[in-house]
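Protein chains in written order, with the working numbering: chain F, 10 to 343; chain H, 279 to 779. Ideal Cβ positions, reconstructed from N, Cα and C, are used throughout, including at glycine. A quick write-up on the structure given underneath.
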């Protein structure tokens, strides 16, 4: 295994980490409309992710930075090619971050309601758009001989990619729902479990169709295994949810995300962005990667820093392990 | 294509707008993180309530500010790919690494520990909670260091080779990128300017309250801390600015000649106080100069030769082929002056304040003040009259944003002064833009960012003003009795959280 293959795996790991973690906090954002009955419940939801959403988002920044360093051509093609969808995601993430931090800083009801509306939409849209983006990456896009994207934004909105968007949206929402069941106490916890069943079933249908489609178009043996794991763990997550095993259902919905992202990357390899115009023009781990020297430095960085990050981020989740209910939310404004 | 709407021009405007905006929050974040950490340390060590109240007050302003710094930083991570894809392809092998280091080391640090600090008041024992804000502070410094190393490489590329076969620049010595003198000097200059910024911010807000005789114990402490930070930060900014300037004379003579509107080389070279000239003709019509000073700034003596814009342009043409290698001279010239002027105005205010509010040194005993009194402003033997006192406090309030202006102009100067290069001597800016991105796309994103940023600026400033006016919060029982166990004291399971969104 050469270093650029290692980095292909590491980029996959970073995206997996991002979707696993920010996946549930996007989901919780969506639940502020789908599950919360009143303002107090909205605040319960927001506070389940309060201390951690920012750290979760850094997985995206790291995926971006690491792609830049390890696969500059991929970074350049992806973000200049998917310009407008990426712009939409960036706008959402900007507004979303400010919404979390500023919502409780004024007592006026309109102020708080506006930020709550913002949290819902800015969680829903990226959750959908990331699926569209990955759908297109897996399926391939119109790249010319210089690896420039020559399609339009409408080419990106094809049925396969749009279905991919619905899959990530529902999957993240499901992930967020079982997370809520795990992290809250009281009536909202019960309702989260009931909702998880419905959202989970919708997810199962959409994800099965999408992953099968992927498998038929371009999958191989390894992809099939990932597909199997994804679907099986989703079903198991639903069963665990019905049995009231919240820790297990959250873990299993996480496994579904891991397996789904794994399937994306297994299908891609050794391409990183296939060209639909000419296979010769596809970006691959070889022609998109940095020099061996840079990859070596990056590998040292990853080997030393990643375990530390996992350690202290994990510790954060442990510190804030207590369940939250409406009784824990003080009225005062900060 | 019309120059005003050329892809290069648009992409540069967008980079300028988003980066200058982002950098309004960065220096305040860097300095306030450390200052809040210092105040909280004082509380943990002395258990004096004024320190905890100060921590909470400045901590709140810090959080309002860092929220904006974080979200506007996201754009920075991606816009190289969006608008500058040819740049990314050509230098990603080198430029990407510091960005990845920044994300994996610094961003995780900052964002994880800030969450622990915000929500950790009733979940973490006192000292561990304190360690969290220090971690945030270290994270902000590391983050700035890596991105400045990346920028320094654009100013003065080292540790690389050109791979002709792949058509790109490749890293050969990462350690050199991290430790070259451009990096070290830029880091020193930016860090000290960050503390100048935070000091002026603290002094201004403390002055606001002291003028109204409110929250005196907390604001007295804050004033002192702010003045010391401002004076030390200002001094180091000047010192590091001088050394960075000398490095720039070596590495980018054109930038420094433009900074002085020195059209033709002179020996000794004067420092220009005011100039008005004809850019096309290449000379000044009006010039007010201090003889020899520029030679000193460049080479530490009053005699040496300093090359001018026209000479340097010819030298660059000889080296890199025909073309115009001049930046926009008036922008470099005035940017340089505004940077120094606004920064040093704040520094002077800090020095003056430090002298006026001295506690004992050469201060008649009668004018020494207690913990809950507004300090007298004593020039020599007697306090200033009420009008002059008021004037000083007002000046502190009205100039508290001066360093922000200085920072912005500093960046505009150093980036625009490097033009037409994006990587000095290696790649020109016009070759760096994304060829596949349409004019409409860039205009769309620029409009959206500008409008969004404008709205957020209004919201942010209003929120800051609200919390500044509210003053330091009263302390609650749970503030004064932090938990002794990790995860908080679990006896009362239904106790509301000390902080919630």
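{"Asked": "Of the residues F:239, F:326 and F:86, the one placed nearest residue 370 (chain H), counting alpha carbons only", "Found": "F:86"}
{"Asked": "Which listed residue (H:320, H:307, H:424 and H:429) has its alpha carbon closest to that of residue 693 (chain H)", "Found": "H:429"}
{"Asked": "Alpha-carbon spacing of residue 11 (chain F) relative to residue 284 (chain H), whole angstroms", "Found": "42 Å"}
{"Asked": "Beta-carbon contacts of residue 332 (chain H) that lie in its chain and below 7 Å, excluding the five residues immediately before and after", "Found": "317, 496, 499, 500 and 750"}
{"Asked": "Residue 27 (chain F) to residue 169 (chain F) span [Cα, whole Å]", "Found": "22 Å"}
{"Asked": "Residue 530 (chain H) in three-state terms, based on DSSP", "Found": "coil"}
{"Asked": "Cα-Cα separation, residue 591 (chain H) to residue 605 (chain H)", "Found": "10 Å"}
{"Asked": "Residues near residue 727 (chain H) in its chain [Cβ-Cβ closer than 8 Å; skip 5 each side]", "Found": "292, 295, 296 and 353"}
{"Asked": "Backbone CA spacing between residue 137 (chain F) and residue 35 (chain F) [nearest angstrom]", "Found": "10 Å"}
{"Asked": "Contact with chain H by residue 43 (chain F), beta-carbon distance below 9 Å", "Found": "no"}
{"Asked": "Neighbour-count burial assignment, residue 182 (chain F), 16 or more Cβ in a 10 Å radius", "Found": "buried"}
{"Asked": "Neighbour-count burial assignment, residue 400 (chain H), 16 or more Cβ in a 10 Å radius", "Found": "buried"}
{"Asked": "Short CB-CB distance (under 9 Å) between residue 299 (chain F) and chain H", "Found": "yes"}
{"Asked": "Cα-Cα separation between residue 508 (chain H) and residue 146 (chain F), rounded to whole angstroms", "Found": "51 Å"}
{"Asked": "Contact with chain H by residue 114 (chain F), beta-carbon distance below 9 Å", "Found": "yes"}
{"Asked": "Residue-level contact to chain H via CB, residue 353 (chain F), 9 Å cutoff", "Found": "This structure leaves residue 353 (chain F) out entirely; chain F is present only between 10 and 343."}
{"Asked": "In DSSP terms, what residue 699 (chain H) is bridged to", "Found": "H:706"}
{"Asked": "Proximal residues of chain H, C-beta to C-beta of residue 90 (chain F) below 7 Å", "Found": "714"}
{"Asked": "Simplified DSSP state of residue 604 (chain H), which is helix, strand or coil", "Found": "coil"}
{"Asked": "Start-to-end residues for the alpha helix (DSSP H) that takes in residue 775 (chain H)", "Found": "Residue 775 (chain H) -> no alpha helix (DSSP H), and no H or E assigned at all."}
{"Asked": "Chain-order list of residues whose beta-carbon lies under 6 Å from that of residue 486 (chain H) (same chain, five-residue window excluded)", "Found": "675"}
{"Asked": "Start and end residues, alpha helix (DSSP H) containing residue 92 (chain F)", "Found": "92 to 111"}
{"Asked": "Cross-chain neighbours of residue 192 (chain F) in chain H, by beta carbon under 7 Å", "Found": "None at all; the shortest Cβ gap to chain H is about 13 Å."}
{"Asked": "Residue 583 (chain H), DSSP secondary structure in three states", "Found": "coil"}
{"Asked": "Chain H contact residues for residue 1 (chain F), given Cβ-Cβ distances below 8 Å", "Found": "The first residue shown for chain F is 10 and the last is 343, placing residue 1 (chain F) beyond what the model contains."}
{"Asked": "7 Å Cβ shell around residue 543 (chain H) - same chain, five flanking residues per side excluded", "Found": "583, 584, 585, 586 and 589"}
{"Asked": "Residues sharing a beta bridge with residue 439 (chain H), DSSP", "Found": "H:448"}
{"Asked": "Same chain, Cβ closer than 6 Å to residue 13 (chain F), five either side skipped, listed in chain order", "Found": "294 and 298"}
{"Asked": "8 Å CB neighbourhood of residue 761 (chain H) in its chain, flanking five on each side removed", "Found": "400, 401, 402, 403 and 767"}
{"Asked": "Minimum Cβ-Cβ distance from residue 239 (chain H) to chain F less than 9 Å", "Found": "Missing from the structure shown is residue 239 (chain H); chain H here goes from 279 to 779 and no further."}
{"Asked": "Range of the contiguous beta strand (DSSP E) that encloses residue 167 (chain F)", "Found": "Residue 167 (chain F) -> no beta strand (DSSP E), and no H or E assigned at all."}
{"Asked": "Test: residue 721 (chain H) CB closer than 9 Å to a CB of chain C", "Found": "No chain C appears in this structure, whose protein chains are F and H."}
{"Asked": "Contact set for residue 355 (chain H): own chain, Cβ-Cβ below 8 Å, skip 5 residues either direction", "Found": "377 and 381"}
{"Asked": "Neighbourhood of residue 258 (chain F) by C-beta distance below 6 Å, restricted to the same chain and skipping five residues each side", "Found": "187, 246, 249 and 250"}
{"Asked": "Helix, strand or coil at residue 714 (chain H) [DSSP, three-state]", "Found": "coil"}
{"Asked": "Contact with chain H by residue 63 (chain F), beta-carbon distance below 9 Å", "Found": "yes"}
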